[in-house]
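Trainee: Line order of the protein sequences matches chains A and B.
One point on numbering: in this note's numbering, the residue at position 72 of the first sequence is 1043, and numbering is uninterrupted.
One point on numbering: in this note's numbering, the residue at position 257 of the second sequence is 350, and numbering is uninterrupted.
Virtual Cβ for every residue (Gly too), placed ideally from N, Cα, C.
First the structure, which I've put down as structure tokens, then a few questions once you've had a look.
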Amino acid sequence: MLNRIYAIFRARNLEFIRDRGSMSWNIILPVALMFGLSFIFGADRAEYTVGVLQSGTEIDASAHPFLETRYIQFVVVNDEADGFRRVARHQLDLLMQIEGQQRYWVNPDSPKGYFAELALLQADADAGGDITKEQISGEPVRYVDWVLPGILGMNMMFSCLFGVGYVVVRYRKNGFLKRLRATPLRAIEFVIAQVASRLVLVTLITSFVFAGTKYFLDTRMDGSYITLFIVLVVGAVSLISMGLMIAARVTSEELAGGLLNMVTWPMMMLSGVWFSLEAANDAVRNIAKVFPLTHILDSARAVMLDGANLAAIAPQLIALLAMTAVFLVIGAVIFRWHPN
Amino acid sequence: MVATSGLERHLSHLNLVSVYALPAAQGNLTLLAANRRIIPMPVALEARKLVKQYPGVLAVDEVSFQVEEGTCFGLLGPNGAGKTTTVEIMEGVTPATSGEVYYYGSLAGQKFRQESGIQFPSTALQDHITVKETLNMFHSLYERKGDLGKIIAECSLGELLDRDNRKLSGGQRQRLLLAVALVNRPRVVFLDEPTTGLDPQARRNFWDLVKRIRADGTTIILTTHYMEEAEILCDYIAIMDSGKIISQGNPEALLHEHYQNVIIELPIDDFSGDLSGLKHRVLETQGVIEIETNDVNASLRDLAAHSTGLNRMKIRQPNLEDLFLDLTGHSLRT
């Protein structure tokens, strides 16, 4: 029995090791993720982000003992209205002012804001201070409202990338693509059919989930449903195109999995699915702009939470359309019908 | 290339004796029929100096041949001979390093795709899709449409229409793949090892199906490992080895050209003494002695002197398999 187990064990290992693409990605992916994450968040990852409302660009840590608290990223906020908006949208866990009258603002629906407030009050009490709490004007955004676009976007991302990319690789590997190649079907027709098929599925599923959360959780929707639907369609097409580009030549499902993970993980970390990137440096925030999911989430949140209209989110939509064009052109150029 | 036997069969089938004057530029062949009147046969498909070079391997080495309309052309060869690559270049699914494929005198293009049908040796179909849905999907890809009802009936798929592709037997699956190849009422059909893995009954059913397709005037390009299949179905064959065509012609003519003798077979167990004592060319394969002779009486006397009995002896004509082995030196399934 052991001989048989060993024979299968050995054969599978050889198969894996000799598939250089998959082997490489299994090594490269975790290393890249490790270096990437350390670059994004630094050695001491800040768990909380607190805005400091002041006129200058440098924060004087000696101005208040709270500013020396570890695991909190302090960022300068020069505009009060902008600071309030970011607190309301969970981009800042807390906003404090130490110039003149010492005061702070916190979103009552923010779990992280609650703990940041506790830390602030403790530090203030230790220093014998008397910082005062202020109310944010307008209705604060609940965390569920803020995170809903992220969850829907993440679901779309996986569905579009794996649902298209993996399937195309499987079709190529098992010869179905080769059979289609022998018909009058053109590559662009095949690609359009794949995009359309996945688009319909993703649109229906996302709309269904959105409607469910709206009904059961009464999630916030300040903007137009039509505008949000446009964001959904344009975003889904860009993600599907990305999946097709990745799958355009790959013949191994394991390599496809590695490549798809390589793009989905950074998007999950950098596009603002679960948390705001306020704590990250400018370079990281700029890198995040190359991902379609960043633009999808930014525009969806703008529509849902701020009531933005089509003109307000035009830059994000244009970025998504440009990415779609690039992905489709590259995908069409490098597309291969069969493995050899 | 002259496919005399196939032509004669074709002519007798159609009772055709008319004379056509087609331009030579279209590559038409002119043949003499039994009544000695000139009958031109259109060339449906032509390969001109096809070359396929992979890194370190010359898979196809300047292969040229023509396939006449309405005939069944067999491309034979051991594994690795280059026949599948050649056929895939003809089909347009693999680009040639050099050389051209002509379809009715013009470079094969979109018209060829509309009018050709292909059955690959192994084609995966979509999971969770039924036979009917598969046929409808492929049917929709062509502007040129075949009669699906007729195709379903011809391929005996009527009772399988609602069955998931994954639940088809080997023979049913091959019939579906052939039906898929016929959905556009093709003028040319490629059958690449269509009966590999089928049981004898399913194979013979498939042959009947192919004969019916050919009888409708469809041109067939067949690659196969089975010499019996080639003998039964093909009007013309080309034998490939190491990327080249080493012999081509009508099967009967090729056999006549290479063999004037008959073959006597006798189990080796029935021999006594030394085989070298026999006065004939002797070949031993899988426990059987094959003796090639043009004088059966003399050979039988010789054998009687060296064997313990001739009860299990067989006398047969050389077949394509003998020719194949003689030409390639390979076993068919190596």
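According to DSSP, is aspartate 1277/A helix, strand or coil?
Mentor: Of the three classes helix, strand and coil, the one that applies to aspartate 1277/A here is helix, per DSSP.
Trainee: Taking Cβ-Cβ distances shorter than 9 Å, what residues in chain B pair up with arginine 928/A?
Mentor: Since the displayed chain A opens at 972 and closes at 1311, residue 928/A lies outside it and no answer follows.
Trainee: For alanine 398/B, count neighbouring C-beta atoms within 10 Å of its own C-beta (all shown protein chains included) and say buried if the count is 16 or more, exposed if not.
Mentor: By the 10 Å Cβ count, alanine 398/B comes out exposed.
Trainee: Going by DSSP, name the residue or residues bridged to glutamine 146/B.
Mentor: The partner list for glutamine 146/B (beta bridge, DSSP) reads Leu151/B.
Trainee: Along the stretch 1141–1157 of chain A, what residues have a CB closer than 7 Å to any CB found in chain B?
Mentor: Under the 7 Å Cβ criterion, the stretch 1141–1157 of chain A contributes Asn1145, Gly1146, Phe1147, Lys1149, Arg1150, Arg1152, Ala1153, Thr1154, Pro1155, Leu1156.
Trainee: Quick check on this structure: which residue in Ala346/B, Arg374/B, Ile384/B, Arg278/B has the alpha carbon closest to the alpha carbon of leucine 359/B?
Mentor: The candidate whose alpha carbon is nearest that of leucine 359/B is Ile384/B.
Trainee: Based on the DSSP output, what are the partners of glutamine 1025/A in its beta bridges?
Mentor: None; glutamine 1025/A has no bridge partner.
Trainee: Note down, in chain order, each residue of its chain lying with its Cβ closer than 7 Å to the Cβ of phenylalanine 1129/A, except the 5 sequence neighbours on either side.
Mentor: The residues are Thr1235.
Trainee: Under 9 Å Cβ-Cβ, which residues of chain A neighbour tyrosine 235/B?
Mentor: Ordered by position in chain A, the residues that pass the 9 Å Cβ test against tyrosine 235/B are Thr1154, Pro1155.
Trainee: Which residues in the same chain as asparagine 1162/A place their Cβ atom closer than 8 Å to its Cβ, once the five residues preceding and following it in sequence are excluded?
Mentor: Before going on, a small fix: residue 1162/A reads as valine here, not asparagine. Same-chain partners within the cutoff: Leu1215, Leu1299, Gly1302, Ala1303, Phe1306.
Trainee: DSSP three-state label for serine 1081/A, please.
Mentor: In this structure, serine 1081/A counts as coil in the three-state DSSP scheme.
Trainee: In its own chain, which residues sit with a C-beta less than 7 Å from the C-beta of glutamine 353/B, not counting the 5 before and 5 after it?
Mentor: Answer for glutamine 353/B: Asn387, listed in chain order.
Trainee: What residues of chain A sit near glutamate 184/B, judged by a beta carbon separation below 8 Å?
Mentor: Ordered by position in chain A, the residues that pass the 8 Å Cβ test against glutamate 184/B are Ala1153.
Trainee: Which whole-angstrom value is the C-beta distance of isoleucine 1069/A and valine 1135/A, which I expect to be below 8 Å?
Mentor: The Cβ separation is near 51 Å, so there is no contact.
Trainee: Which residues in the same chain as alanine 1167/A place their Cβ atom closer than 6 Å to its Cβ, once the five residues preceding and following it in sequence are excluded?
Mentor: If we look at alanine 1167/A and ignore the five residues flanking it on each side, it has no Cβ neighbours.
Trainee: Just to confirm, is the Cβ distance from isoleucine 338/B to phenylalanine 166/B under 9 Å?
Mentor: Against a cut-off of 9 Å, the Cβ pair of phenylalanine 166/B and isoleucine 338/B comes out as no contact.
Trainee: Please tell me whether, using a cut-off of 8 Å, the distance from the CB of glycine 242/B to the nearest non-hydrogen atom of the ligand FAD is below it.
Mentor: Because no ligand of any kind appears in the structure shown, any question about the ligand FAD cannot be addressed here.
Trainee: Do valine 1021/A and isoleucine 1043/A have their CB atoms nearer than 9 Å?
Mentor: The answer is yes: Cβ separation under 9 Å.
Trainee: From what residue to what residue does the alpha helix (DSSP H) around cysteine 165/B run?
Mentor: Premise fails: cysteine 165/B lies in the beta strand (DSSP E), 165–169, not in any alpha helix (DSSP H).
Trainee: Which term fits serine 400/B, buried or exposed, when burial requires 16 or more other beta carbons within 10 angstroms of its beta carbon?
Mentor: Its Cβ being crowded by 16 or more others within 10 Å, serine 400/B is buried.
Trainee: Distance check for isoleucine 332/B and proline 214/B, CA to CA, integer angstroms please.
Mentor: Rounded to the nearest angstrom, the two C-alpha atoms are 19 Å apart.
Trainee: Need the endpoints of the beta strand (DSSP E) that serine 209/B sits in, please.
Mentor: Segment 209–212, the beta strand (DSSP E) holding serine 209/B.
Trainee: Identify whether tryptophan 300/B lies in helix, strand or coil by the three-state DSSP scheme.
Mentor: In this structure, tryptophan 300/B counts as helix in the three-state DSSP scheme.
Trainee: Just to check my reading of the structure: isoleucine 357/B and glutamate 377/B have Cβ atoms closer than 8 Å, yes? What is that Cβ distance to the nearest angstrom?
Mentor: The Cβ separation is near 13 Å, so there is no contact.
Trainee: Identify the contact partners of phenylalanine 231/B in chain A, using a Cβ-Cβ distance below 8 Å as the criterion.
Mentor: The answer, in chain order, is Thr1154.
Trainee: Count the other CB atoms within 10 Å of the CB of alanine 1293/A; is the residue buried (16 or more) or exposed (fewer)?
Mentor: Answer is exposed; the Cβ neighbour count stays below 16.
Trainee: Counting only Cβ pairs nearer than 8 Å, list the residues of chain A close to arginine 206/B.
Mentor: In chain order: Ala1153, Thr1154, Pro1155.
Trainee: Using a Cβ cut-off of 9 Å (strictly closer), state whether histidine 1309/A contacts chain B.
Mentor: It does; some Cβ of chain B falls within 9 Å.
Trainee: Which same chain residues, not among the five before or five after glycine 310/B, have their C-beta less than 6 Å away from its C-beta?
Mentor: Here the set comprises Gly163.
Trainee: Let me make sure I understand the geometry here. Which of Leu1175/A, Arg989/A, Val1274/A has the alpha-carbon closest to that of threonine 1190/A?
Mentor: Minimum Cα distance to threonine 1190/A is reached at Val1274/A.
Trainee: Taking the alpha-carbon positions, what's the proline 1286/A to glutamine 146/B distance?
Mentor: Whole-angstrom Cα-Cα distance: 49 Å.
Trainee: Would you list, in sequence order, the uninterrupted alpha helix (DSSP H) runs of no fewer than 4 residues that lie entirely inside the stretch 330–362 of chain B?
Mentor: With a minimum length of 4 residues, the continuous alpha helix (DSSP H) runs that stay inside the stretch 330–362 of chain B are 344–351.
Trainee: So with CB distances below 9 Å, who are the chain A contacts of glutamine 219/B?
Mentor: Within 9 Å Cβ-Cβ: Tyr1142, Phe1147.
Trainee: Would a check of beta-carbon distances place phenylalanine 213/B closer than 9 Å to chain A?
Mentor: Chain A, which has a Cβ nearer than 9 Å to the Cβ of phenylalanine 213/B, makes this yes.
Trainee: Taking all protein chains shown into account, do 16 or more other C-beta atoms lie within 10 angstroms of the C-beta of threonine 177/B, making it buried, or fewer, making it exposed?
Mentor: Label assigned to threonine 177/B: buried.
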